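In what follows, a structure is listed as structure tokens, so that the remarks can point back to it.
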């Protein structure tokens, strides 16, 4: 497997993770007791988005 294929596979997994995080974040918005959990998810989402940006730069 070459680097391009690995990067594409990683990017697909990251996109799936972001989608799952957003769904979980939306679910937690309705429950005010989960504010800390939502903040943690936001931080994870930020890290994942940064990883996507890095992957985009590497592919160029």
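Residue numbers (the numbering used here): 43 to 102. Every residue, glycine too, gets a C-beta built ideally from N, C-alpha and C. As the structure is a prediction and not an experimental result, all values here were calculated from the model.
I'd like to know whether the C-beta atoms of residue i and residue j end up nearer to each other than 9 Å.
i: residue 87; j: residue 55; result: no
i: residue 60; j: residue 91; result: yes
Can you list, in chain order, the residues of its chain whose CB lies under 8 Å from that of residue i, leaving out five sequence neighbours each side?
i: residue 101; result: 46 and 49
i: residue 64; result: 87
Leaving out the 5 sequence neighbours to the left and right, which residues in its chain are closer than 7 Å to residue i when beta-carbon positions are compared?
i: residue 52; result: 97
Meets three-Cβ-pair contact criterion under 8 Å: the region 82-89 and the region 43-50: no
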